[in-house]
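Peer 1: According to the working numbering, the sequence shown is numbered sequentially starting from 1.
Glycine is no exception: its CB is placed at the ideal position from the N, C-alpha and C atoms.
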Amino acid sequence: MPGRLGQDLPRSLFNKCEFISSGATGWVFEVAPGIALKFLRAGRDDDFRRENETYALIEQSNPPPPPHFIRSFLRLPYAHFMQLMPDSLDSRLRANRRQDPKTLKCFEVLRLEPTAKIEQWAAELSSALAWLESIGLVQGDLRPSNLLLDSEDHMKLVDFDSCAKIGDLDPGLPPPWSSPNHHLYGAETEQFGFGSILYNMTRGLEPYEDKVPETVEFFLYNKNEDDMRSTTTY
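(1) Here's the rule I'm using: 16 or more other beta-carbon atoms within 10 Å means buried, otherwise exposed. How should E206 be labelled?
(2) Quick check on the DSSP output: what are the complete beta strand (DSSP E) runs of length 3 or more inside the segment 58 to 142, in order along the chain?
(3) Between the Cα of V31 and those of M85, S178 and P175, spot the shortest distance and give me the residue it belongs to.
(4) Closest Cβ-Cβ distance between N181 and chain D: below 7 Å?
(5) May I ask you to report which of helix, strand or coil DSSP gives K16?
(6) Going by beta-carbon coordinates alone, are C163 and R44 separated by less than 7 Å?
(7) To which residues of the same chain is E133 closer than 8 Å at the C-beta, ignoring the five residues directly before and after it?
(8) Would the C-beta of A187 count as close to the ligand SAH, meaning under 6 Å from any of its heavy atoms?
(9) Would you tell me roughly how many angstroms separate the C-alpha atoms of V109 and R92, rounded to the nearest one?
(10) Whose CA, out of L37, L129, P67 and E53, lies closest to the CA of F194?
(11) Can you name, in chain order, every residue of its own chain whose Cβ lies under 6 Å from the Cβ of L89, other than the five neighbours on each side?
(12) Is it buried or exposed for I135, if we count other Cβ within 10 angstroms and need 16 for buried?
(13) Can you grab the Cα-Cα spacing for the pair N62 / D47, in whole Å?
(14) Let's see if you can read the secondary structure: which residues bound the alpha helix (DSSP H) around A187?
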């Protein structure tokens, strides 16, 4: 039965539950007050299993990790029940600007979050990332949509289907949250993502968002060329 469920679009969930979001690994629904369900997409079994294994590590850790991770209630091969948060960093920052509702292009940053709040979020995120690094892991997909906010505005890290061991091959996610110049996961990859998120919080724009695509491509291409020259031996 689980195998069958993992292959089909969860039409019954769309009919009975409130749809929240979708990602590469699964669909997310609100199934009860305070409870979200992440349901497996067909063909993403390995990623889904990786996320379940990461949550098992978080639960079994002694001493326990910092309280900056989403709480997992029940994990199955095709479904994961977890805490439902009222907000995300991405939606919070986008609510602070005037933007095109379809393309999300920013016309104007209307306001920024208070400095004290940004400092709090930065400390909470760095604490979560440092703990993962202490057990030899990286989150692997740092971006504002994977940072949720609880009712008291504390940050919770979520989405571990890209979680990897330090030293694993970095597939090279697109900028601005990942750098094409990083080839292996490690402190540099997480620091780059952390820095990009901090830039987003303090300016209201994503890195490169105010640049035309040609400028971004030129910068990344020339940076890659510089890295190749600096590492090539003759």
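Peer 2: Taking the definition as stated:
(1) Counted from its first residue, the sequence shown places residue 206 at position 206. Buried is the call here.
(2) 72 to 75, 79 to 83, 97 to 99 and 106 to 109
(3) Against the sequence shown, residue 31 aligns to sequence position 31. Of M85, S178 and P175, the residue nearest in Cα terms is M85.
(4) Going by chain labels, chain D is absent from the structure shown, which holds only one protein chain.
(5) Taking the sequence shown and counting its residues from 1, one reaches residue 16 at position 16. The answer is helix: DSSP assigns K16 an H, G or I state.
(6) For this step, residue 163 is matched to residue 163 along the sequence shown. For this step, residue 44 is matched to residue 44 along the sequence shown. No; because the gap between Cβ atoms is not below 7 Å, this pair is not in contact.
(7) The residue labelled residue 133 in the question sits at position 133 within the sequence shown. Here the set comprises I166, A187 and E190.
(8) With respect to the ligand SAH, the structure shown offers nothing to examine, as it has no ligands at all.
(9) Within the sequence shown, the letter at position 109 stands for residue 109. Within the sequence shown, the letter at position 92 stands for residue 92. Taking the straight line from one Cα to the other gives about 12 Å.
(10) Taking the sequence shown and counting its residues from 1, the one referred to as residue 194 is at position 194. The residue with the shortest Cα to Cα distance from F194 is L129.
(11) Locating residue 89 in the sequence shown gives position 89, counting from the first residue. Correct list, in chain order: P144 and L147.
(12) In the sequence shown, counting from the first residue as 1, residue 135 sits at position 135. It counts as exposed.
(13) By 1-based counting over the sequence shown, the position of residue 62 is 62. By 1-based counting over the sequence shown, the position of residue 47 is 47. Their backbone Cα atoms lie some 25 Å apart in a straight line.
(14) Within the sequence shown, the letter at position 187 stands for residue 187. Unbroken alpha helix (DSSP H) run through A187: A187 to R203.
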